[in-house]
Amino acid sequence: MTNSNPFLIHAQDQVVVKNPDEKSWVFEVGKNGNLWVDFLQMTDDLDVLVSLQGEAAKCKINCAYLTNKNNNLNINIKVLHKHKKTTSEQYIRGIVTDESAVSFKGIIEIPKSSQKCDGRQHHRGLILSPKAKIEATPQLEIWADDVICSHGSAVGPLDQNQMFYLQTRGIPENEARKILLSSFLGDLMPDEFSDTIQKWMDENA
Amino acid sequence: MAALLEIKNLHAKVGNKEILKGLNLVIEAGEVHAIMGPNGCGKSTLSAVITGHPSYVVTEGKVLFKGKDLLKMTPDERANAGVFLAFQHPIELPGVGLAQFLKTALNAKRKFEGKESMDAVAFMKYMNVRATALGISNEMLKRPVNVGFSGGEKKRLETFQMAMLEPDFCILDEMDSGLDVDALKVVGQGVSVMRDAKRSFMIITHHDDLLQYVKPDKVSIMRDGVIIKTAGAELVKEVEASGYDKF
Amino acid sequence: MKKEQSDLLEVVNSPYKEGFETVVQTEYAPKGLNEDVIRFISKKKDEPDWLLDFRLKAFRHWQTMTEPHWFHGHYDPIDYQNIYYYSSPHKKAPKSLDEVNPEVLKTYEKLGIPLKEQEALTGVAVDAIFDSTSIGTTYKEELKKRGILFCSFSEAVHEYPELVKEYLGSVVPYTDNFFACLNSAVFSDGSFVYVPKGVQCPMELSSYFRINARQAGQFERTLIIADEESSVSYLEGCTAPQRDENQLHAAIVEIVVKDRANVKYSTVQNWYPGDKNGKGGVYNLVTKRGLVMNDAKLSWTQVETGSAITWKYPSCILKGDNAVGEFYSVALTNNHQQADTGTKMIHLGKNTTSTIISKGISAGFSSNTYRGLVKMSPGAENAKNVSKCDSLLIGDRCGAHTIPVMQCANETATIEHEATTSKISEEQLFYTMQRGLSAEEAVGLIVNGFCREIMQKLPLEFAIETQKLIGIQLEGSVG
Chain G
1 MTNSNPFLIH AQDQVVVKNP DEKSWVFEVG KNGNLWVDFL QMTDDLDVLV SLQGEAAKCK
61 INCAYLTNKN NNLNINIKVL HKHKKTTSEQ YIRGIVTDES AVSFKGIIEI PKSSQKCDGR
121 QHHRGLILSP KAKIEATPQL EIWADDVICS HGSAVGPLDQ NQMFYLQTRG IPENEARKIL
181 LSSFLGDLMP DEFSDTIQKW MDENA
Chain C
1001 MAALLEIKNL HAKVGNKEIL KGLNLVIEAG EVHAIMGPNG CGKSTLSAVI TGHPSYVVTE
1061 GKVLFKGKDL LKMTPDERAN AGVFLAFQHP IELPGVGLAQ FLKTALNAKR KFEGKESMDA
1121 VAFMKYMNVR ATALGISNEM LKRPVNVGFS GGEKKRLETF QMAMLEPDFC ILDEMDSGLD
1181 VDALKVVGQG VSVMRDAKRS FMIITHHDDL LQYVKPDKVS IMRDGVIIKT AGAELVKEVE
1241 ASGYDKF
Chain A
2001 MKKEQSDLLE VVNSPYKEGF ETVVQTEYAP KGLNEDVIRF ISKKKDEPDW LLDFRLKAFR
2061 HWQTMTEPHW FHGHYDPIDY QNIYYYSSPH KKAPKSLDEV NPEVLKTYEK LGIPLKEQEA
2121 LTGVAVDAIF DSTSIGTTYK EELKKRGILF CSFSEAVHEY PELVKEYLGS VVPYTDNFFA
2181 CLNSAVFSDG SFVYVPKGVQ CPMELSSYFR INARQAGQFE RTLIIADEES SVSYLEGCTA
2241 PQRDENQLHA AIVEIVVKDR ANVKYSTVQN WYPGDKNGKG GVYNLVTKRG LVMNDAKLSW
2301 TQVETGSAIT WKYPSCILKG DNAVGEFYSV ALTNNHQQAD TGTKMIHLGK NTTSTIISKG
2361 ISAGFSSNTY RGLVKMSPGA ENAKNVSKCD SLLIGDRCGA HTIPVMQCAN ETATIEHEAT
2421 TSKISEEQLF YTMQRGLSAE EAVGLIVNGF CREIMQKLPL EFAIETQKLI GIQLEGSVG
């Protein structure tokens, strides 16, 4: 695979997909519908809007970003819980190196009438070089009271205790770094992207 | 017997606080050496300094392992030279499978020793023998390192890693804290099986739980960053009977 | 609607207990804002030329700025020409409490803040600000024996001009933002604190702000300087009478925390929040910021229960190495209140650490936003931030929003943020009520539990009062 910004739609029951341009996506998920989509961003911006418009609609958005050189990416993901009992999960993980910068903005919006919704978002970013930057703005916009909503975001370097643990087992620093970096994305991305990811890791880790 | 580990006048600090204040210790090859001392005496710092944890700074003194200067080596070089630390609080590695982790570690050691890497089949055989002996299930081998395991299971896994890597010098840092009798037996059994004329153990503890399963050759009492007394196994009884205050 | 739910709604509607008005003759500046009004204020305060220049510079700059409208919520436009920028119950600044209008003294007694030292709260020195002027400062002489300067800002301008000149605008320049710029032009009074090198202030210092006059704005300015290795704990309280029109409060707090010094700044903000239908109430638009040097620490604790609109982000500029910043906040909104509050932690120095814990409670038709910024600059080696923001919703007509911004430009720095939004569960409410508590008590108990870790940060003298305040503020919210 040569595309450096691949995506994969795993599930789209009751989903209307609009893709006005390469970088923008609108997903409208109807009653009992289900959306699951994965994005991997290496050079391009991404703008995703998921509108959960029918009762009990659900979505899962996985997004990984891997940036190097002086790439500068904006990643915006918004999930709008338009109807009651809708659920959403977003997992965003990324690694920045060289002089690249990522600005991630994630919004979960639950309007007044949308009771019993569940919205979750997790973001983690790793910074590998002194001139790389991450800006994260996770937002919760909640107007209904009977909901469960959470977001978590963490940005930082590789965990020094994990590095030490691996080294005490005889694994050299470079290799330890590689192990932690590839486990960082874990199984967030599908097998289809693994060659692309592996190539990036080999060149940048 | 020749000295495997020799520590001379070791001073170390974390932040601005000096914790080791001129510590001397000799451990011979084949020796099981218990380090006992009250909480906060610097026992865990000693294990961190020997293995090269980056938060600890050595300000003075020497640590020789097989006659080589350990302090000049990176943590992985020390590991490959034969030093193993069983952590008091094993670190979680989400997403890193235990089997993959051990294979990487084992082959790093083999490379260091100039041997060829073990292939997948040989490795599985090698691992399964040891896993079975220590009651590590297949399911546990597939899970990420230390994630979602109970305290007892984590200590069992540390013992298992020790059996896998066959180090010459094993440091057991407070392995007995918070362990029930069954888990203590597993750790004790692991040590007993591996104990031989060449391999040495340093067992760090503040009471005698683990020492009921592993009889030490020597016991040192540590207080306020130095070793204040070294004697035979009879010292354990003395500590249990009258505590550390008399030392 | 379920029984417990309707009980819950009923609880949140109680009257504002500090809403009375003091009838006193008040001297005003001419209504509206122009250079003459600024000269009038400066003259009233008998200010030196350099300060008038500072005000005029700010005013001229302010005229080039536009009012910001980026925060969550909406409000009637502010008519800056329909406000009195100076109002005082005295023609001249009172030299002692004997010169203070007795009605004003009664006001403070009614609010539970006696100003006569023999009756004063032990262990707490108070500077009382009534509209645009300071009424008096207790324990001033005793503090002075230790070299601690605690007085009104106006007094400091005359007594300690060098200190004021050096630090005024050093943390919040007049160009900073629209409301800070307005304040710099028209600021009336506030408190001044200087703690000398190595001195630990032996008592709580506190300011008590009261807006009384009609259509008057309050523009206080507080300056705290903690010299090397000193420490001080400061608390401000605020109330205003119940009025139909909105009142403007645009304050500045500047804090300088020098090497190895330690400042704790606590706020209990209970300005008039407006009535049940959202009429009246104070617009609380405040700029608070501290500059924190090597190994120094600044800790903000705030309990925000009042005001129709709150717009406030107490911040720390962690300039020195190992500097520590903390922000602990409870923001409670009911009826039609709108709060947009949070903090900024700007990490510049090495090994700087910051902690943010924010608890937002929304009831009625209110809207409650946490907005924050954590910035790791390229020089912030090994800097660490941990943030936790929790929101609790009571009723289905309010909103809770969490907007943290995390900027990391150093590869050794870490930022961790977690946020949750939830409601009081029916099980919790039922369980508590089954043990014999009324819905109101149950909600009060659960909300106080939710805020517990923040309440524990308040000076002991105020923690209990504040717990009660939260109970009162929640009355009628249950639903």
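Protein chains in written order, with the numbering used here: chain G, 1 to 205; chain C, 1001 to 1247; chain A, 2001 to 2479.
We put the beta carbon where it would ideally sit given N, CA and C, even for glycine.
Which stretch, first to last residue, makes up the alpha helix (DSSP H) that contains Lys2144 (chain A)? For the purposes of this step, residue 2144 (chain A) is identified with residue 144 of the third sequence, where counting begins at 1. Per DSSP, the continuous alpha helix (DSSP H) segment holding Lys2144 (chain A) begins and ends at Lys2140 to Lys2144.
What span of residues does the alpha helix (DSSP H) with Met163 (chain G) cover, start to end? The sequence position of residue 163 (chain G) within the first sequence is 163, counting from 1. First-last of the alpha helix (DSSP H) with Met163 (chain G): Gln160 to Thr168.
Run the proximity test for Val102 (chain G): is its beta-carbon closer than 6 Å to any non-hydrogen atom belonging to the ligand COA? Of ligands this structure carries none, so the ligand COA is not represented either.
Shortest alpha-carbon distance to Glu2228 (chain A) belongs to which of A:Gln2456, A:Cys2201 and A:Ala2251? Residue mapping note: residue 2228 (chain A) aligns to position 228 of the third sequence, counting from 1. Answer by Cα proximity: A:Cys2201.
Chain-ordered chain G contacts of Gln1161 (chain C) [CB-CB under 8 Å]: Against the second sequence, residue 1161 (chain C) aligns to sequence position 161. Neighbours of Gln1161 (chain C) on chain G, chain order: Arg169.
Suppose only complete runs of 4+ residues qualify. What are the alpha helix (DSSP H) ranges in the region 165-194 of chain G, listed by chain order? DSSP runs (the alpha helix (DSSP H)) wholly in the region 165-194 of chain G: 173-185.
DSSP-derived helix/strand/coil call for Val2164 (chain A): For this step, residue 2164 (chain A) is matched to residue 164 along the third sequence. Looking at Val2164 (chain A) - three-state DSSP - the assignment turns out to be helix.
Given that Val147 (chain G) touches chain A, what residues does it touch there, using C-beta distances under 7 Å? As a working note, residue 147 (chain G) is residue 147 in the first sequence. Here the neighbours are Thr2421.
Residues from the region 2382-2397 of chain A in contact with chain G, defined by Cβ distance under 8 Å: The residues in question are Ser2391, Leu2393, Ile2394, Gly2395, Asp2396 and Arg2397.
Can you give me the Cβ contacts of Leu2051 (chain A) inside the same chain, cut-off strictly under 7 Å, excluding the 5 residues immediately before and after it? Within the third sequence, numbered from 1, the residue matching residue 2051 (chain A) stands at position 51. These residues qualify, in order along the chain: Ser2042 and Val2157.
Looking at the unbroken alpha helix (DSSP H) that takes in Ser1047 (chain C), where does it start and where does it end? Numbered from 1 along the second sequence, position 47 holds the residue referred to as residue 1047 (chain C). If you look at Ser1047 (chain C), you'll find it in the alpha helix (DSSP H) that goes Lys1043 to Thr1051.
Out of curiosity, what's the CA-to-CA distance linking Lys58 (chain G) and Leu80 (chain G)? The residue you call residue 58 (chain G) lines up with position 58 of the first sequence. The residue you call residue 80 (chain G) lines up with position 80 of the first sequence. The alpha-carbon atoms of Lys58 (chain G) and Leu80 (chain G) are separated by roughly 11 Å.
Measuring CB atoms only, is the region 1111-1122 of chain C touching the region 1054-1065 of chain C, in the sense that at least three cross pairs come out at less than 8 Å? With the cut-off at 8 Å, the region 1111-1122 of chain C and the region 1054-1065 of chain C do not touch.
Restricting to Cα atoms, I'd like to know which of A:Phe2209, A:Tyr2084 and A:Asn2183 is closest to Ile2129 (chain A). Numbered from 1 along the third sequence, position 129 holds the residue referred to as residue 2129 (chain A). Of the residues A:Phe2209, A:Tyr2084 and A:Asn2183, the one whose Cα lies closest to the Cα of Ile2129 (chain A) is A:Phe2209.
Give the list of continuous beta strand (DSSP E) stretches no shorter than 3 residues that lie fully inside the region 2202-2278 of chain A. Within the region 2202-2278 of chain A, the complete beta strand (DSSP E) runs of at least 3 residues are 2204-2210, 2221-2226, 2231-2239, 2246-2249, 2252-2257 and 2262-2269.
Mind checking which residues open and close the beta strand (DSSP E) that includes His2347 (chain A)? Working through the third sequence from its first residue, we reach residue 2347 (chain A) at position 347. Its beta strand (DSSP E) spans residues Lys2344 to His2347.
Can you give, in chain order, each stretch of the alpha helix (DSSP H) that sits fully within the region 2428-2459 of chain A and has at least 4 residues? Counting only runs of 4 or more residues that sit fully inside the region 2428-2459 of chain A, the alpha helix (DSSP H) segments are 2439-2455, in chain order.
Nearest by alpha-carbon distance to Asp2396 (chain A): which of A:Thr2420, A:Lys2279, A:Ser2367 and A:Gly2372 is it? Within the third sequence, the letter at position 396 stands for residue 2396 (chain A). Considering only alpha carbons, the answer is A:Ser2367.
For Thr196 (chain G), does the count of other Cβ atoms within 10 angstroms reach 16, so buried, or fall short, so exposed? In the first sequence, counting from the first residue as 1, residue 196 (chain G) sits at position 196. When all chains shown are included, Thr196 (chain G) counts as buried.
Who pairs with Pro2480 (chain A) in a beta bridge, going by DSSP? Nothing about residue 2480 (chain A) can be read from this structure; chain A reaches only from 2001 to 2479.
Taking the beta carbon of Val2012 (chain A) as the centre, do at least 16 other beta carbons fall within 10 Å, making it buried, or is it exposed? Start at 1 with the first residue of the third sequence, and residue 2012 (chain A) comes out as number 12. Below a pLDDT of 50, predicted positions are generally treated as unreliable, and Val2012 (chain A), at 42, falls in that range; no measurement from the model is reported.
Per-residue burial, Pro2102 (chain A) [other beta carbons within 10 Å of its own, 16 or more giving buried]: What you label residue 2102 (chain A) is simply residue 102 of the third sequence in a count that begins at 1. That one is exposed.
Under a CB-based cut-off of 7 Å, is Asp1069 (chain C) close to chain G? Residue 1069 (chain C) sits at position 69 when you count from the first residue of the second sequence. So, not an interface residue.
Against chain C, does Tyr91 (chain G) count as a neighbour if the rule is that its beta carbon must be under 7 Å from one of theirs? The residue you call residue 91 (chain G) lines up with position 91 of the first sequence. Not closer than 7 Å to any Cβ of chain C, the Cβ of Tyr91 (chain G) fails to qualify, so no.
Just the chain G side, please: which residues come within less than 8 Å of Cys2308 (chain A) by C-beta, in chain order? As a working note, residue 2308 (chain A) is residue 308 in the third sequence. The question names Cys, but residue 2308 (chain A) in the sequence shown is Ala. Those within 8 Å of Ala2308 (chain A) in chain G number zero; the least Cβ separation is about 19 Å.
Any C-beta of chain A sitting closer than 7 Å to the C-beta of Glu135 (chain G)? Taking the first sequence and counting its residues from 1, the one referred to as residue 135 (chain G) is at position 135. Closer than 7 Å: yes.
With burial defined as no fewer than 16 other Cβ atoms inside 10 Å of the residue's Cβ, what is the status of Gly2306 (chain A): buried or exposed? In the third sequence, residue 2306 (chain A) corresponds to position 306, counting from 1. Looking at its Cβ environment, which holds 16 or more other Cβ atoms inside 10 Å, Gly2306 (chain A) is buried.
Ends of the alpha helix (DSSP H) at Arg2289 (chain A)? Counting from one through the third sequence, the residue named residue 2289 (chain A) turns up at place 289. Run containing Arg2289 (chain A): none in the alpha helix (DSSP H); it sits in the beta strand (DSSP E), Gly2281 to Val2292.
Check whether the Cβ atoms of Thr2421 (chain A) and Ser2387 (chain A) sit closer than 7 Å, and answer yes or no. The count along the third sequence starts at 1 and reaches residue 2421 (chain A) at position 421. The count along the third sequence starts at 1 and reaches residue 2387 (chain A) at position 387. Cβ distance not < 7 Å, so Thr2421 (chain A) and Ser2387 (chain A) don't count as in contact.
Beta-carbon spacing of Asn71 (chain G), Thr43 (chain G) below 7 Å: Start at 1 with the first residue of the first sequence, and residue 71 (chain G) comes out as number 71. Start at 1 with the first residue of the first sequence, and residue 43 (chain G) comes out as number 43. Yes, these two residues count as a Cβ contact at 7 Å.
What would DSSP say about Ala2380 (chain A), mapped onto helix, strand or coil? Counted from its first residue, the third sequence places residue 2380 (chain A) at position 380. In this structure, Ala2380 (chain A) counts as coil in the three-state DSSP scheme.
Using the rule of at least 16 other Cβ atoms within 10 Å of the residue's Cβ for burial, across every protein chain shown, is Leu2460 (chain A) buried or exposed? Within the third sequence, residue 2460 (chain A) is the residue found at index 460, counting from 1. The residue in question, Leu2460 (chain A), is exposed, as its Cβ has fewer than 16 Cβ neighbours within 10 Å.
What residues from chain G crowd round Thr1074 (chain C), counting only those whose CB sits closer than 9 Å? For the purposes of this step, residue 1074 (chain C) is identified with residue 74 of the second sequence, where counting begins at 1. For Thr1074 (chain C), the residues of chain G that pass the 9 Å Cβ criterion are Gln167, Pro172 and Glu173, in the order they occur in the chain.
Examine chain C for any beta-carbon lying closer than 7 Å to the beta-carbon of Gly152 (chain G), and answer yes or no. Taking the first sequence and counting its residues from 1, one reaches residue 152 (chain G) at position 152. Cβ-Cβ to chain C under 7 Å: no for Gly152 (chain G).
List the residues of chain C whose Cβ lies closer than 7 Å to the Cβ of Phe164 (chain G), in chain order. Along the first sequence, read from residue 1 onward, the residue named residue 164 (chain G) stands at position 164. Close partners of Phe164 (chain G) in chain C (Cβ separation under 7 Å): His1053, Pro1054 and Pro1075.
Quick one: residues in its chain with C-beta nearer than 7 Å to the C-beta of Lys2258 (chain A), no 5 flanking neighbours on either side, listed in chain order? Here the question's residue 2258 (chain A) lines up with position 258 in the third sequence. In the same chain as Lys2258 (chain A), and ignoring 5 residues on each side of it, the C-beta atoms closer than 7 Å to its own belong to Ala2226, Asp2227, Glu2228, Met2293 and Ala2296, in chain order.
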